[in-house]
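Below is one structure, written out as structure tokens; the observations come after it.
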RNA sequence: CGGGGAGUGGCGCAGUCUGGUAGCGCAUUCGACUGGGGGUCGAAAGGUCGGAGGUUCAAAUCCUCUCUCCCCGACCA
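In the numbering used here, the protein residues as written are 5 to 444.
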């Protein structure tokens with residue numbers, strides 16, 4: 005992509021409404037624009053990141069054995085009356101009336117809808133287990149949206165639902181998602197810590213929130229320091245296994261969100277305790293037969309008995325992750341994208357657009373990177389170096405290739421790592437080689 | 001929903017107390033010079049001062065109502 009053609013309206017100054025880092029950088033880098041409180045448009049740069057995160061989440065869901073479907077954003081009130089949540093949900097639910105005066109709503113979550121779909125089609129234990137997920141926009145009419153995309157009213161979420169015949173099956177599904185989440189966050193370049201969360205009315209130990217630690221986190225969390233550097237080989241695990249030992253080893257350490265913290269345990273941990281602020285990026289929980297009973301979702305088991313389906317739900321805040329990653333990875337100059345989610349693999353800074361040699365060298369690098377399957381953004385604007393450096397640092401691409409007349413005289417360009425700030429002079433071929441793993 | 005703050009060119013702000021017909025920086029357009037970390041000079045374009053009503057010879061400025069946004073708290077993926 006050429007910057008002269010790309011729609012990326014960057015801002016030099018901090019917009020007044022943005023207080024936290026991720027919000028400021030997302031606005032300044034031209035990733036998003038606010039439409040109204042808690043509702044945003046995703047501009048091309050932000051949209052690229054969102055899609056990359058979404059794709060990684062999707063791949064790990066598929067790998068865990070879940071199947072993707074897509075449910076609508078608008079739901080009928082009817083099914084929510086059936087589950088009893090229509091009145092419970094309160095003002096956070098955006099209620100709509102259609103032209104026939106039928107009560108509708110913009111879905112804040114999808115338990116009712118998925119349960120309806122499932123119960124209407126499944127009668128036998130032979131159809132279980134199943135895991136179904138979708139990645140869809142949700143709406144919760146928060147009283148006070150804040151932190152930009154991190155706590156908007158409209159947000160993109162992956163939610164998965166598991167259907168099992170019995171508790172053991174539900175536990176297996178839970179474990180699989182538990183591990184899938186760890187893998188997902190690992191691939192996103194994040195350290196997400198699973199923490200015991202409030203399981204709600206069902207009780208038990210099957211409710212975890214996945215938190216990334218950042219100063220701007222919304223709540224205070226605590227965990228054993230070993231969890232901070234735990235290195236488990238998730239990639240080698242059999243995705244179809246029960247994973248109980250992996251989950252056990254991870255949950256053996258103390259880790260608790262705000263409402264689950266235990267002062268007695270924490271006192272006993274002494275120096276092994278870390279207290280920090282956390283951003284919730286995922287939440288998994290088992291809720292048993294809460295919805296299946298309320299909404300009449302039963303199957304016949306092998307003996308012909310009618311049993312309520314055991315369910316669990318598993319959410320990842322996809323749009324929130326964009327902000328979360330920035331909170332966890334930035335410096336004073338801007339964003340520092342992990343390679344897996346960066347909107348482009350590399351940025352090429354042509355320090356003298358219009359200069360024959362600089363243009364030729366920049367174009368060569370751009371084309372060869374493209375041929376090697378690398379997505380590059382080339383700054384071909386007629387701007388001064390300082391402007392280009394600042395914008396490139398702001399948008400945080402992992403690598404910068406700096407092409408200037410001074411270097412070209414000696415046959416070199418500079419390769420800069422955004423994360424470390426290190427710059428190295430080398431030939432064009434060497435730079436290409438380093439970025440693509442083969443000689444351009 | 002309680003408490004606080006703010007709406008003035010695209011962005012950041014001054015002007016409001018003490019009414020006199022709108023200004024600064026950045027960005028934008030054109031020209032020239034410049035060229036390795038947000039340049040210089042010259043010219044230009046762009047605002048019914050959130051909206052409605054009122055007071056007044058005269059309102060960004062005073063009064064009333066209203067909308068929106070931000071921050072703290074309660075609440076939440």
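C-beta: ideal position from N, C-alpha, C; glycine also.
Here the region 277-289 makes contact with the region 307-321; the two share three or more CB pairs at distances below 8 Å. By the 16-neighbour rule on beta-carbons within 10 angstroms, residue 183 is buried.
According to DSSP, residue 80 shares a beta bridge with 108. The beta carbon of residue 13 sits closer than 6 Å to those of 34, all from its chain and outside the five residues before and after it, given in chain order. For residue 354, there is no enclosing alpha helix (DSSP H); the residue is part of the beta strand (DSSP E) that begins and ends at 350-354. The residues 220, 330, 331 and 334, in chain order, have a CB closer than 8 Å to that of residue 25 in the same chain once the five nearest residues on each side in sequence are set aside.
Between the region 156-165 and the region 41-48, the count of C-beta pairs closer than 8 Å reaches three or more; the two stretches touch. For residue 29, the three-state secondary structure derived from DSSP is helix. About 5 Å separates the CB atoms of residue 349 and residue 379; that is less than 8 Å, so the two are in contact. If you draw a straight line from the Cα of residue 239 to the Cα of residue 187, it comes to about 7 Å.
CA-CA distance, residue 105 to residue 98, rounds to 15 Å. In the three-state scheme derived from DSSP, where H, G and I count as helix and E and B as strand, residue 265 is classed as coil. Counting along the chain, residue 179 sits inside the alpha helix (DSSP H) bounded by residues 171-191. A residue is called buried when at least 16 other Cβ atoms come within 10 angstroms of its Cβ; residue 420 meets this threshold and is buried. With respect to the 8 Å criterion, residue 292 and residue 29 are not classified as neighbours on the basis of their beta carbons. The Cβ neighbour count for residue 163, taken over all protein chains shown within 10 Å, is at least 16; the residue is labelled buried. For residue 324, the closest C-alpha among the options 149, 64 and 85 is that of 149.
Between residue 371 and residue 362, the C-beta spacing is not below 8 Å. Taking a C-beta distance under 8 Å as the contact criterion, residue 167 and residue 117 do not qualify as a contact pair. Of the other Cβ atoms in all chains shown, 16 or more fall within 10 Å of the Cβ of residue 142; this residue is therefore buried. For residue 391, the closest of 76, 144, 218 and 16 by C-alpha to C-alpha distance is 16. The beta carbon of residue 45 sits closer than 6 Å to those of 37 and 39, all from its chain and outside the five residues before and after it, given in chain order. One thing to note: residue 314 has its Cβ no nearer than 8 Å to the Cβ of residue 91. Secondary structure note for residue 427: its beta strand (DSSP E) is the uninterrupted segment 427-430. Residue 129 and residue 176 have their alpha carbons spaced roughly 16 Å apart. Bounds of the alpha helix (DSSP H) holding residue 409 are 409-413. A direct Cα-to-Cα measurement between residue 387 and residue 359 gives close to 12 Å. In this structure, residue 346 lies near residue 402, with their beta-carbon atoms less than 8 Å apart. Judged by DSSP in its simplified three-state form, residue 197 adopts strand.
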